[in-house]
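**Q** Protein chains in written order, with the working numbering: chain A, 1 to 326; chain B, 1001 to 1326.
Pasting a structure here, questions to come.
Number of protein chains: 2
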Amino acid sequence: MTSVGGRRSRASVPDLVERARSGEARAVARLISLVEDESPLLREVMAGLAPYTGNAQIVGITGSPGVGKSTSTNALVKALRATGKRVGVLAVDPSSPFSGGALLGDRVRMQDHALDRDVYIRSMASRGHLGGLSWSTPQALRVLDAAGCDVVVIETVGVGQSEVEIAGLADTTLVLVAPGMGDGIQAAKAGILEIGDVYVVNKADRDGAQTVRRDLRAMIALAERTEEGWRPPIVMTVAQTGDGVYDVVEKIDAHRVWMEKSGELERRRVRRARDEIEAIAVTSLRRRWGDVHARTELDALAEQVVAGASDPYVAADSLLETYTER
Amino acid sequence: MTSVGGRRSRASVPDLVERARSGEARAVARLISLVEDESPLLREVMAGLAPYTGNAQIVGITGSPGVGKSTSTNALVKALRATGKRVGVLAVDPSSPFSGGALLGDRVRMQDHALDRDVYIRSMASRGHLGGLSWSTPQALRVLDAAGCDVVVIETVGVGQSEVEIAGLADTTLVLVAPGMGDGIQAAKAGILEIGDVYVVNKADRDGAQTVRRDLRAMIALAERTEEGWRPPIVMTVAQTGDGVYDVVEKIDAHRVWMEKSGELERRRVRRARDEIEAIAVTSLRRRWGDVHARTELDALAEQVVAGASDPYVAADSLLETYTER
Chain A
1 MTSVGGRRSR ASVPDLVERA RSGEARAVAR LISLVEDESP LLREVMAGLA PYTGNAQIVG
61 ITGSPGVGKS TSTNALVKAL RATGKRVGVL AVDPSSPFSG GALLGDRVRM QDHALDRDVY
121 IRSMASRGHL GGLSWSTPQA LRVLDAAGCD VVVIETVGVG QSEVEIAGLA DTTLVLVAPG
181 MGDGIQAAKA GILEIGDVYV VNKADRDGAQ TVRRDLRAMI ALAERTEEGW RPPIVMTVAQ
241 TGDGVYDVVE KIDAHRVWME KSGELERRRV RRARDEIEAI AVTSLRRRWG DVHARTELDA
301 LAEQVVAGAS DPYVAADSLL ETYTER
Chain B
1001 MTSVGGRRSR ASVPDLVERA RSGEARAVAR LISLVEDESP LLREVMAGLA PYTGNAQIVG
1061 ITGSPGVGKS TSTNALVKAL RATGKRVGVL AVDPSSPFSG GALLGDRVRM QDHALDRDVY
1121 IRSMASRGHL GGLSWSTPQA LRVLDAAGCD VVVIETVGVG QSEVEIAGLA DTTLVLVAPG
1181 MGDGIQAAKA GILEIGDVYV VNKADRDGAQ TVRRDLRAMI ALAERTEEGW RPPIVMTVAQ
1241 TGDGVYDVVE KIDAHRVWME KSGELERRRV RRARDEIEAI AVTSLRRRWG DVHARTELDA
1301 LAEQVVAGAS DPYVAADSLL ETYTER
């Protein structure tokens, strides 16, 4: 049996999985680290987790900076805990030095829950400076799912591509908006109207909240949605005081019930598994094609294309042929 | 020789390429359409263009909504034309119904140049609602390059992931900012500090322009840049009147000169060709793996993963094995 070295303990993967399932936070942390670090044990970890996955409802939270995302996540976790659920939180930090400081403060606030053994909070590094999710996010979700979380909340900074990615990973996507964010931002975020399963107007005690709600309702009615039978509800909250947060929990539950009945849950999960399998296969192929440290056939092909001696389609054929011959 | 059917003309691909090279706008339009529509002739088109590519300087323009991107593009095209250059413009439209209207107005304004045979303007649909570039953008760039454009300008709406993608496609990336856009937006856009080769403070006649310039200078000094020897300049413009636009042209020229001398141009182009070849190879593989209309092996594997009977790594191995056996 392979064993996992550590300063304070040595444990086999099956042992770690067992301890994670019984709620031991340190075992959960170790498993996520093995996943994030692309440990040689990664495959053994994934195989060990597989039989225990599929219970957790993955809830994605997205919204522009300033809508109160961290405060809302905090309030939501508290409310979910009060209904007796085990909760995991994956918080995707931006690696940008320009916003890191402020968010660090938010993370500390989340530690309200740090002494609660049924909440597991983990920050993950983001990919690049526009807040893309780390490639290992789906695997980290599997760890929390197998560890017995009923709900796993993923929260991002909500800039750039992360909100689309989060919708791809989540069973239920919460989109937060708030009054007073300016028309420019709202317009730029038109894309959020296709991804939200539940909309939350936070800071609902401020001027303009009703206008935001009305506009949102009109825009949701116009947006093209692929699913039949679910009309995304709009909930008004004041996350700071907790007002309305239980309504959000209720809508999250209602969405899960609807997804199970309608078959949408299975559809989303199969689609997600497809994406995950494909991404792993493509990553594995890319490693064979091009090692960043060495000159590879892909470099040689690229130089031919730049010189006009070949075109990208012919070059792609060569790449695939080389691969299949091996 | 394969011939291209059309209502008014029939022409072979080599013929179209020849006519595009002699500056015939209709031939350029036809070639881009063949590329966008993924015509069966696509491969023949790409092979026909290859020997004539590599001359054009690809200039990407990005910036938040409201900074005056279309007005700036318009002014820049006018200035480039005045220096005797042939110019192509690819404008990536958002497909979102919420901003389509406003941008349509911008597009019409661009038609200042429509009667100028040495400017070719083309709108392309964006991928998804966050303004991602269409997969065919690199191929459309090759058409304009082969058609003899000295400069090809790509302009996007600058929301979501498009700005990172544009930097990946461009030889020279212009980042536009403007005073009075609010701190939130500037902070959210911290990612732009790693991608700009030339920064433009537009609306420089407004209050706060000097503050924006000073902040930008400080932030650029802090940002981690990979290239040695190019310090991104900041140019002040009023695109509406044309003030400062020739300075932008000068910096674009200076950037090309530096890139050629330093070898950076070749490096960027090889990297871009690598990405393009890889994307085509991956797309071709994905088509073999999963046909969206039929149930495929990938679906079966995904269902096993959802059921906990397999994990994504084992499934990815199966997928790759099936492929190599064929």
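Here a beta-carbon is modelled for each residue, glycine too, at the ideal position from N, C-alpha and C.
Where does THR1173/B fall in DSSP's three states?
**A** Looking up residue 1173/B in the second sequence gives position 173. Three-state DSSP puts THR1173/B in a strand.
**Q** Can you list, in chain order, the residues of its chain whose CB lies under 7 angstroms from that of LEU49/A, leaving out five sequence neighbours each side?
**A** The residue you call residue 49/A lines up with position 49 of the first sequence. So the list reads VAL17, ARG142, VAL143 and ALA146, once near-sequence residues are dropped.
**Q** Can you give the Cα-Cα distance for VAL1035/B and THR1137/B, rounded to whole angstroms?
**A** Translated into positions along the second sequence, residue 1035/B becomes position 35. Translated into positions along the second sequence, residue 1137/B becomes position 137. Spanning the two alpha carbons is a distance of roughly 9 angstroms.
**Q** Out of THR1241/B, GLY1244/B, GLY1196/B and ARG1213/B, point me to the one whose CA is closest to TRP1230/B's CA.
**A** By one-based count along the second sequence, residue 1230/B stands at place 230. If we check each option's Cα against that of TRP1230/B, GLY1196/B comes out closest.
**Q** In chain A, which residues lie with their C-beta within 8 angstroms of the C-beta of GLY1208/B?
**A** The residue labelled residue 1208/B in the question sits at position 208 within the second sequence. Per Cβ cutoff of 8 angstroms: no residues; GLY1208/B is ~16 angstroms from chain A at best.
**Q** Name the two residues that bound the continuous alpha helix (DSSP H) containing GLU297/A.
**A** Here residue 297/A refers to the residue found at position 297 of the first sequence. Its alpha helix (DSSP H) spans residues 297 to 306.
**Q** Taking 8 angstroms as the CB-CB limit, is VAL1151/B close to chain A?
**A** The count along the second sequence starts at 1 and reaches residue 1151/B at position 151. Chain A, which has no Cβ nearer than 8 angstroms to the Cβ of VAL1151/B, makes this no.
**Q** Helix, strand or coil, according to DSSP, for ASP1243/B in the structure here?
**A** For the purposes of this step, residue 1243/B is identified with residue 243 of the second sequence, where counting begins at 1. Looking at ASP1243/B - three-state DSSP - the assignment turns out to be strand.
**Q** So for LEU320/A, helix, strand or coil by DSSP?
**A** What you label residue 320/A is simply residue 320 of the first sequence in a count that begins at 1. Three-state DSSP puts LEU320/A in a helix.
**Q** Per the DSSP calculation, THR1062/B is bridged to which residue(s)?
**A** Start at 1 with the first residue of the second sequence, and residue 1062/B comes out as number 62. In DSSP, THR1062/B forms a bridge with VAL1175/B.
**Q** Just checking, does the stretch 1302 to 1314 of chain B make contact with the stretch 44 to 59 of chain A on the three C-beta pairs under 8 angstroms criterion?
**A** The stretch 1302 to 1314 of chain B is in contact with the stretch 44 to 59 of chain A.
**Q** Rank GLU297/A, ASP317/A, ARG268/A and ALA273/A by C-alpha distance to the C-alpha of VAL1282/B and give the top, closest one.
**A** If you number the second sequence from 1, residue 1282/B lands on position 282. Closest option to VAL1282/B, Cα to Cα, is ASP317/A.
**Q** Under 8 angstroms: do the stretch 41 to 48 of chain A and the stretch 61 to 76 of chain A share three or more Cβ pairs, one atom per stretch?
**A** The stretch 41 to 48 of chain A vs the stretch 61 to 76 of chain A: no contact.
**Q** Between LYS1085/B and the rest of its own chain, which residues show a CB-CB distance below 7 angstroms, the 5 nearest in sequence each way excluded?
**A** Looking up residue 1085/B in the second sequence gives position 85. These residues qualify, in order along the chain: ASP1150 and VAL1151.
**Q** Quick one, which of ASP1118/B, THR1073/B, LYS1069/B and SER1070/B has its alpha-carbon nearest ARG1081/B's?
**A** Position 81 of the second sequence, counting from 1, holds the residue named residue 1081/B. For ARG1081/B, the nearest C-alpha among the options comes from ASP1118/B.
**Q** Could you tell me the distance, in whole angstroms, from the CA atom of VAL1201/B to the CA atom of GLU38/A?
**A** Residue mapping note: residue 1201/B aligns to position 201 of the second sequence, counting from 1. Residue mapping note: residue 38/A aligns to position 38 of the first sequence, counting from 1. Spanning the two alpha carbons is a distance of roughly 43 angstroms.
**Q** Please list the residues of the stretch 1250 to 1264 of chain B that have a C-beta atom closer than 8 angstroms to any C-beta atom in chain A, keeping them in chain order.
**A** From the stretch 1250 to 1264 of chain B, no residue has a Cβ closer than 8 angstroms to chain A.
**Q** Which residues in chain B have a C-beta closer than 9 angstroms to the C-beta of ALA140/A? List them in chain order.
**A** Stepping through the first sequence from its first residue, residue 140/A is reached at position 140. Within chain B, no residue comes near ALA140/A; the closest Cβ sits about 13 angstroms away, beyond 9 angstroms.
**Q** Do ALA302/A and THR1277/B come within 8 angstroms of each other at the CB atom, strictly closer than that value?
**A** Against the second sequence, residue 1277/B aligns to sequence position 277. Against the first sequence, residue 302/A aligns to sequence position 302. It should be pointed out that residue 1277/B corresponds to Ile in this sequence rather than to Thr. The answer is yes: Cβ separation under 8 angstroms.
**Q** Quick check: the Cα distance between VAL28/A and ASP253/A, rounded to an integer number of angstroms?
**A** For the purposes of this step, residue 28/A is identified with residue 28 of the first sequence, where counting begins at 1. For the purposes of this step, residue 253/A is identified with residue 253 of the first sequence, where counting begins at 1. If I take the Cα positions, the gap works out to 25 angstroms.
**Q** Which two residues bound the contiguous alpha helix (DSSP H) that contains ILE32/A?
**A** Position 32 of the first sequence, counting from 1, holds the residue named residue 32/A. Run containing ILE32/A: 25 to 36, per the alpha helix (DSSP H) assignment.
**Q** Using C-beta distances below 7 angstroms, list every residue in its chain close to SER1262/B, excluding the 5 sequence neighbours before and after it, in chain order.
**A** Here residue 1262/B is taken as the residue at index 262 of the second sequence, counted from 1. Excluding positions up to five away in sequence, the list reads GLY1229.
**Q** Please name the residue in GLU266/A, THR73/A and VAL235/A whose C-alpha comes closest to that of GLN210/A.
**A** Numbered from 1 along the first sequence, position 210 holds the residue referred to as residue 210/A. Taking only the C-alpha atoms, the option nearest GLN210/A is VAL235/A.
**Q** Kindly list, in the order they appear in chain B, the residues whose Cβ is closer than 8 angstroms to that of GLU303/A.
**A** Taking the first sequence and counting its residues from 1, the one referred to as residue 303/A is at position 303. Correct list: VAL1270 and ALA1273.
**Q** Give every residue of the same chain whose Cβ lies closer than 6 angstroms to the Cβ of ALA1020/B, excluding the five residues on either side of it in the sequence, and list them in chain order.
**A** Here residue 1020/B refers to the residue found at position 20 of the second sequence. The residues are ALA1027, VAL1028, LEU1031 and ALA1147.
**Q** When DSSP builds the beta bridges, which residues end up paired with SER123/A?
**A** Walking along the first sequence from the start, residue 123/A turns up at place 123. ALA91/A, per the DSSP bridge assignment.
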